[in-house]
Amino acid sequence: MSEYNFNQIEKKWQRYWEENHTFKATAKSDKPKYYAMDMFPYPSGSGLHVGHPLGYIASDIVSRYKRLTGHNVLHPMGFDSFGLPAEQYAIQTGQHPAITTEENITRYVEQLKNLGFSFDWDLEIRTSDPSYYKWTQWIFMQLFNSYYNINSDKAEPITELVKEFEQHGNKNVNAACDEDTPAFSADKWKQMNEQEQSEMLLKYRLTYVAEAVVNWCPALGTVLANDEVVGGVSERGGYPVERKLMRQWMMRITAYAERLLQGLENIDWPEPVKEMQRNWIGKSVGAIMSFPLESIDKKIKVFTTRLDTVYGVTFLVLAPEHELVEQITSEEQRKTVEDYVNVAKNRSERERMTDVKTVSGAFTGAYAINPYNNERIPVYIADYVLAGYGTGAVMAVPSGDQRDWNFAKHFGLPIVQILDGQKDLDTQADATKEGHYVNSEMVNGLTYQEALPVLVKYLEENNIGKSKINFRMRDAVFSRQRYWGEPVPVYFEDGVPHLLDVSDLPLELPKIDAYLPTETGEPPLGRAVDWKYEDEYPYELSTMPGWAGSSWYWYRYMDPKNDEAFADKDIIKYWRDVDLYIGGSEHATGHLLYSRFWNKFLFDMGLVVEEEPFKKLINQGMIQGRSNFVYRVKDSNTFVSHGLKDQYDTTALHVDVNIVDNDMLDLEAFKKWRAEYETAEFILEDGKYICGVEIEKMSKSKYNVVNPDDIVERQGADTLRMYEMFLGPLEQFKPWNTNGMDGVNKFLKRYWKLFHDNAGNFNVSDEAPNAEELKSLHKTIKKVEEDIERFSFNTSVSTFMICVNELTQLKTNKRAILEPLTIILSPYAPHITEELWEKLGHNESISYAAFPQWEERHLVESTFEYPVSINGKMRAKMTFSLDTPREEMEKAVVNDEQVAKFMEGKAPKKIIIVPNKIINVVV
288 MSEYNFNQIE KKWQRYWEEN HTFKATAKSD KPKYYAMDMF PYPSGSGLHV
338 GHPLGYIASD IVSRYKRLTG HNVLHPMGFD SFGLPAEQYA IQTGQHPAIT
388 TEENITRYVE QLKNLGFSFD WDLEIRTSDP SYYKWTQWIF MQLFNSYYNI
438 NSDKAEPITE LVKEFEQHGN KNVNAACDED TPAFSADKWK QMNEQEQSEM
488 LLKYRLTYVA EAVVNWCPAL GTVLANDEVV GGVSERGGYP VERKLMRQWM
538 MRITAYAERL LQGLENIDWP EPVKEMQRNW IGKSVGAIMS FPLESIDKKI
588 KVFTTRLDTV YGVTFLVLAP EHELVEQITS EEQRKTVEDY VNVAKNRSER
638 ERMTDVKTVS GAFTGAYAIN PYNNERIPVY IADYVLAGYG TGAVMAVPSG
688 DQRDWNFAKH FGLPIVQILD GQKDLDTQAD ATKEGHYVNS EMVNGLTYQE
738 ALPVLVKYLE ENNIGKSKIN FRMRDAVFSR QRYWGEPVPV YFEDGVPHLL
788 DVSDLPLELP KIDAYLPTET GEPPLGRAVD WKYEDEYPYE LSTMPGWAGS
838 SWYWYRYMDP KNDEAFADKD IIKYWRDVDL YIGGSEHATG HLLYSRFWNK
888 FLFDMGLVVE EEPFKKLINQ GMIQGRSNFV YRVKDSNTFV SHGLKDQYDT
938 TALHVDVNIV DNDMLDLEAF KKWRAEYETA EFILEDGKYI CGVEIEKMSK
988 SKYNVVNPDD IVERQGADTL RMYEMFLGPL EQFKPWNTNG MDGVNKFLKR
1038 YWKLFHDNAG NFNVSDEAPN AEELKSLHKT IKKVEEDIER FSFNTSVSTF
1088 MICVNELTQL KTNKRAILEP LTIILSPYAP HITEELWEKL GHNESISYAA
1138 FPQWEERHLV ESTFEYPVSI NGKMRAKMTF SLDTPREEME KAVVNDEQVA
1188 KFMEGKAPKK IIIVPNKIIN VVV
């Protein structure tokens, strides 16, 4: 094969890799291990576009490089195949989600294989496969059977907690539990019936059933996670979402809040992702205190980080969902409060947290008493307070908080100025005009740091509060009222949840007649006929959320066929954790947080050996679409070229980028694109129709989606791989521009030609290389090695291009140069390098060659090009060997024609030579 026929070459080597299991990973090796993993995709019906493979290409380059450097590499791929899109399609068409999911996965696998990734496809997993979700269910059961012991700072079996209850009740228990957990003795525990004991244990279990305020989407018939709600509507479909109290399965992730926070210090992750997790966890050190109510024998508990501002409290605010709202609301205010609650429940928590401008709320008609000064304080409700954060109530100090100040101004409430000793602290600029100063004998003259312990002591001595560490993060809702998800391995007997026996796993999804809620409002699983445990006890009707299967999947990759455990202990001990994880930053407070939580739990149980799952995380940037536009003249079917559009009254319309080449529209293809354009006429410039351009998100609606299959067919997978890396730094957003691919394709052709003579025959010499060739090679080896180690792939592509240009100019065809060059290029362009490696006489894949070592001696300069000045003006350049004697250099300078011309026949008075810098001739 004399021509670079990429189609033949790429298909040939993709077959070879598959037939020979070239990238098979084994947990038995003396080599150091390296585990590279991508966030696995959800297989949508539209397949991959060119933006999707960006991270996969990067992880593949690293994986191939690590094999070359003597590592045993685990580089798997699988599919996060449960999810709402397949279910929505099933609702519309009646087709089972498993069928469309299988079709979509088949398409994805084909596309991924066409790009030459070094995945071990024998390790492929799918979260919707019963053999996989059997172990998701099993982990759920371990969580159900565990509680968090704060004293030992880890999860422990719930059976140990039961033993403690039987002997001493819960007086000595220091565990993560519900806020309303009552104290009880051993005798009291023994007097409880099975249902009462079960309800009590649910207050401690790491997964439990509870009433929770959730994002309910009636149109989708399911609960949504906070990150699935945007602007009060569902992210998928844009349907209204309301806040609703529902009985849900929950995960007690809050038990791990401190460890999740501290663990961030030990992992190599992007700082913005760490900061998002820190903010989501939201650790606050403060105090919790009670405000007694005037009208009923109840107290409003609040958490505050600034107890010293308690003298400036002028009102209390409850979340609209707070349990006391209905009890304390006066009859005069009831309609106003109910109307406000109905409005507030339709706003998502994210919307309420981020909306700092809107001022809204309602007075309940109730009053509380400030226990520090006995002042009467009105109680309001407002949706800027969240039921799930802290206590769902805040003490409002308008002089120290912007939202409280806005609220007070809006409702005409007093603003009290607080003194910090003799200084104003954290006060609204004009608060002194609106309110008055307060001094208390208890803290008069003290700074807020000095006042805090005094105020906390008062709280505790008077039994009205205590110091407390609070976290913004709440327990995670673990229920979805939909079909296409993991069944929860639980049945109910007299309302008490019981786990299935392990031998009953997996609990598989039943057949149902439609994928909609039942007529009585039950989740779709309520449609299953006789879906009961032992034909008697009803199963849980909700399924697990989308993040369940992705919270532990890296372990299943290690041992995907194991039916006795989620992975063999020795195999886990070998692979340990993920060395490199590449994926999107949008998962910072979802998947990445839940994964760390599950991993820490598995670590506590002694089932895994590392507490953190992912050593290094890289967030790849987005490849943006390059949209093209045509310009339609008003009230016509005539289209005017971009350069002439301002001469007409036109409307810009998106056009399919696949019928545009270098911004030039294919007129015939445009006419065939849509029926309405069949009779289109064109006003051209210089005989061409030039389209407009804009950088936008890649999406079908903008017709700017580029299918990688088309690129592979036209220019090859190696071109696509290298071009995506060449676009810019991996982490940055960058626009796609098909026009730029030609340069990469030409580079590969030039590289191919180094191995062939002008007649196209393979022609590689065993002649020894010269110094220039060795310098070009070794500086390339050094740069590529450094670039891959620091994940700077775009600069490597430039380095390869420079090297090939240099070797082309030197007419290099020497094995000693081309063979190592081929090895270092192989992670980027695996197909062409495999082909040339074989042509070089090797019988085994280049994948396991040894990455060449660069040598400093080849990088040391042996000559220097001196600028030569005549009387201070640079007139010529001359190259000398670094060891040329000074006398010879002076003689050569004087005899040089260019220098002699500017000396004008005069003899030099002085020749100044500064080694490796400059030569100056004075005449």
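Start counting at 1 in the sequence shown, then tack on 287, and there's your number in our numbering.
We treat Cβ as the ideally placed atom computed from N, Cα and C, and that holds for glycine.
Please read these numbers as outputs of a predicted model, since none were measured by experiment.
Per-residue burial, residue i [other beta carbons within 10 Å of its own, 16 or more giving buried]
i	result
E515	buried
R593	buried
Y303	exposed
T380	exposed
F578	buried
Q709	Note that Q709 scores 37 on pLDDT, short of 50, meaning its location in the model is unreliable and no value can be drawn from it.
L1169	exposed
M951	exposed
L1146	exposed
D1161	Checking the sequence shown, residue 1161 turns out to be Met, not Asp. The residue is exposed, with fewer than 16 neighbouring Cβ atoms inside 10 Å.
E297	buried
F957	buried
R530	buried
K1098	exposed
Under the three-state DSSP convention, the category residue i falls into
i	result
S1132	coil
T1095	helix
A512	coil
M1012	helix
K400	helix
T1109	helix
M1165	strand
F779	strand
E1059	helix
R767	strand
R1077	coil
M576	strand
Y526	coil
L507	coil
P559	helix
R634	coil
S1085	helix
Cut-off 6 Å between Cβ atoms - residues of its own chain near residue i, not counting five sequence neighbours on either side
i	result
T509	R767, Q768, R769
R863	V896, E897
L812	L828
T1067	T1086, C1090
F884	I540, Y543
Boundaries (first-last residue) of the alpha helix (DSSP H) holding residue i
i	result
G550	544 to 550
N1182	1173 to 1182
P372	371 to 380
D996	995 to 1002
L361	Counting along the chain, L361 falls outside any alpha helix (DSSP H), though it belongs to the beta strand (DSSP E) covering 359 to 361.
S1156	Looking at the DSSP string, S1156 is not in any alpha helix (DSSP H); the run it does join, the beta strand (DSSP E), is 1150 to 1157.
Y352	340 to 355
A962	Taken as a continuous stretch (DSSP letters only), A962 belongs to no alpha helix (DSSP H), as it is neither H nor E.
Range covered by the beta strand (DSSP E) that runs through residue i
i	result
K320	320 to 325
M682	680 to 683
W503	494 to 504
L867	865 to 870
G1030	Element bounds for G1030: not the beta strand (DSSP E) but the alpha helix (DSSP H), 1028 to 1040.
V730	No beta strand (DSSP E) holds V730; DSSP gives it neither H nor E.
Neighbourhood of residue i by C-beta, 7 Å cutoff - its chain only, sequence neighbours within 5 removed
i	result
V743	A574, L594, S754
R354	V360, S1134, Y1135
Same chain only: Cβ atoms within 8 Å of residue i, ignoring 5 sequence neighbours per side
i	result
H358	K318, P319, K320, Y321
T1109	T1120, L1123, W1124, L1127, I1133
Near the ligand SAM: residue i beta-carbon under 8 Å from a heavy atom
i	result
L700	Summarising the ligand content, the structure contains no ligands, and the ligand SAM is consequently not present.
| field | Whole beta strand (DSSP E) elements within the stretch 881 to 955, 3-residue minimum | value | Listed in chain order, they are 901 to 906, 910 to 920, 925 to 927, 937 to 942.
| request: Kindly provide the ranges of any beta strand (DSSP E) runs that are 3 or more residues long and lie completely inside the stretch 429 to 490, ordered along the chain. | output: Those beta strand (DSSP E) runs which fall completely within the stretch 429 to 490 and span 3+ residues are 433 to 436, 441 to 444.
| Ordered list of alpha helix (DSSP H) runs contained in the stretch 785 to 845, each at least 4 residues | Counting only runs of 4 or more, we get 840 to 845.
| request: Give, in chain order, every unbroken run of the alpha helix (DSSP H) that is at least 4 residues long and sits entirely within the stretch 575 to 622. | output: List check, alpha helix (DSSP H) in window: 612 to 615.
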